[in-house]
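Colleague: Remember, this note's numbering sits 22 above the position in the sequence shown when you count from 1.
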Amino acid sequence: MHETSLVQALIRQVERLMADHDAVRVTEVSVSVGEFSGVDAELMQFAFLREIEGTALRDARLTLAAVPLEARCVACGHLFAVGGFRFECPRCESRHIEVVRGEEMVLETVVFDCADTSAPT
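(1) Using the Cα positions of residue 120 and residue 128, report the straight-line distance between them to the nearest angstrom.
(2) Suppose you measure from the CA of residue 34 to the CA of residue 96; what does that come to, to the nearest Å?
(3) If you follow the alpha helix (DSSP H) that residue 3 is in, where does it begin and where does it stop?
(4) To the nearest angstrom, how far is the alpha carbon of residue 61 from that of residue 27?
(5) May I ask you to report which of helix, strand or coil DSSP gives residue 143?
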């Protein structure tokens with residue numbers, strides 16, 4: 023299950039952001055996941071819940087937004103949604119296309135609470 027290693031990398035990225043902003047707790051993590059990325063959303067959620075135990079992300083909710091698969095025809099330049107994984111231009115029927123969206127996994131938003139630096143020590 024490669025979702026576990028993806029979640030571990032995601033947690034490291036969030037922890038770096040927390041350190042940069044003196045955050046003490048994370049409440050939400052939003053990630054966009056391409057339809058063609060090979061990531062299983064259910065397994066990602068499961069791995070996230072397991073991996074955040076005992077971390078500053080332990081109370082965080084993971085929100086996954088699906089990114090549809092889109093391609094551009096190299097022959098005619100038409101941009102289109104790839105339906106049913108049919109990699110053929112609907113305009114000119116060329117099979118010479120390039121995927122332009124839908125393979126990515128991107129950390130979009132992290133909502134966290136910062137340390138109160140105004141409190142007396």
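Heads up, the beta-carbon is just placed ideally off N, CA and C, and yes, glycines get one too.
Modeller: The structure says:
(1) Within the sequence shown, numbered from 1, the residue matching residue 120 stands at position 98. Within the sequence shown, numbered from 1, the residue matching residue 128 stands at position 106. Cα-Cα distance, rounded: 20 Å.
(2) By 1-based counting over the sequence shown, the position of residue 34 is 12. By 1-based counting over the sequence shown, the position of residue 96 is 74. Taking C-alpha positions only, residue 34 is separated from residue 96 by approximately 38 Å.
(3) Only positions 23 to 143 of the chain appear in this structure, which leaves residue 3 out of reach.
(4) Counting from one through the sequence shown, the residue named residue 61 turns up at place 39. Counting from one through the sequence shown, the residue named residue 27 turns up at place 5. Approximately 11 Å, taken between the alpha carbons.
(5) As a working mapping, residue 143 is identified with position 121 in the sequence shown. Unreliable positioning characterises residue 143 in this predicted model, as indicated by a pLDDT of 45, which lies under 50. The coordinate reading is nonetheless provided below. Three-state DSSP puts residue 143 in coil, outside helix and strand.
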